[in-house]
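Trainee: Structure provided below as structure tokens; questions to follow.
In the working numbering, the protein residues as written are 759 to 1006.
See the structure below:
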């Protein structure tokens, strides 16, 4: 009986440290593509991507807590005009899931040319989303029942029918970092050039500009806006019935 207890204790002691281990997966060192690296990752793992251009349309696996880390704008995920660049479609994806240090470009989809979020709330940090197209909604980011967090994200030069930069529907919102502020500008759409949202959204940005004052970038629901300026003045502000033009 004593021998059995001793063996069981040794077995438990041997496996406790292993359970806490996480891996760093290198692309293209360990896997040729980002998708393969993500598919091999478990919760808490990091997929480290070397600078370069990766022609991919990534479908994020149903695992929370994977960190996808690139080297900034020199690490490019190119959607090749053949779908959303990154798609999140699983409710387990929460803010522990991180995408950091990438340029996301050349995506083209019906919804969410750059990033598509459905029932998912990833954390995007130090990311540039540019040159993406949605045939309908969300040229840069499309959100449905989602709450993605954005920190130091630039969204510009994206196009859509509604929500050229960001499109939020079905109780979605964006969690903006108050310190590492985002830049959302020069996107285009028939409605909501930079941001289109069905629900209230607290927009905290560093740059939110309009190059052509004859078009509108924000259209208030019930003709009201609540602006919190803090230490940041607003210049060249004009308001017309149904149309608002903001320069920050």
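Just so it is clear, CB atoms sit at the ideal spot from N, CA and C, and this is done for glycine as well.
Is residue 793 helix, strand or coil by DSSP?
Mentor: Residue state, collapsed to three classes: helix.
Trainee: Would residue 877 and residue 902 qualify as a contact pair, given that the criterion is a beta-carbon distance under 9 angstroms?
Mentor: A contact, by the Cβ cut-off of 9 angstroms.
Trainee: Along the chain, where does the beta strand (DSSP E) containing residue 964 start, and where does it finish?
Mentor: 963-965 is the span of the beta strand (DSSP E), which, as asked, contains residue 964.
Trainee: Residue 772 by DSSP, collapsed to three states: which one?
Mentor: With a pLDDT of 43 at residue 772, under the threshold of 50, the modelled position of that residue is not reliable, and the figure given next carries that caveat. Looking at residue 772 - three-state DSSP - the assignment turns out to be helix.
Trainee: Could you compute how far the alpha carbon of residue 811 sits from the alpha carbon of residue 795?
Mentor: About 15 angstroms.
Trainee: Under the assumption that residue 896 contacts residue 870 (Cβ atoms under 8 angstroms), give the Cβ distance between them as a whole number of angstroms.
Mentor: With 8 angstroms as the limit, residue 896 and residue 870 qualify as a contact, their Cβ atoms being about 5 angstroms apart.
Trainee: Rounded to whole angstroms, what is the Cα-Cα separation between residue 947 and residue 921?
Mentor: Going from the Cα of residue 947 to the Cα of residue 921 covers about 6 angstroms.
Trainee: Quick test of your reading: residue 855 and residue 822, contact by CB under 8 angstroms. State the CB separation rounded to the nearest angstrom.
Mentor: 6 angstroms between Cβ atoms; contact.
Trainee: Between residue 799 and the rest of its own chain, which residues show a CB-CB distance below 8 angstroms, the 5 nearest in sequence each way excluded?
Mentor: If we look at residue 799 and ignore the five residues flanking it on each side, its Cβ neighbours are 781, 783, 805, 819, 821, 824.
Trainee: Residue 934 and residue 961 - do their beta-carbons sit closer together than 9 angstroms?
Mentor: Against a cut-off of 9 angstroms, the Cβ pair of residue 934 and residue 961 comes out as a contact.
Trainee: Please state whether the Cβ-Cβ distance between residue 930 and residue 905 is less than 9 angstroms.
Mentor: Yes, the Cβ-Cβ distance between residue 930 and residue 905 is below 9 angstroms.
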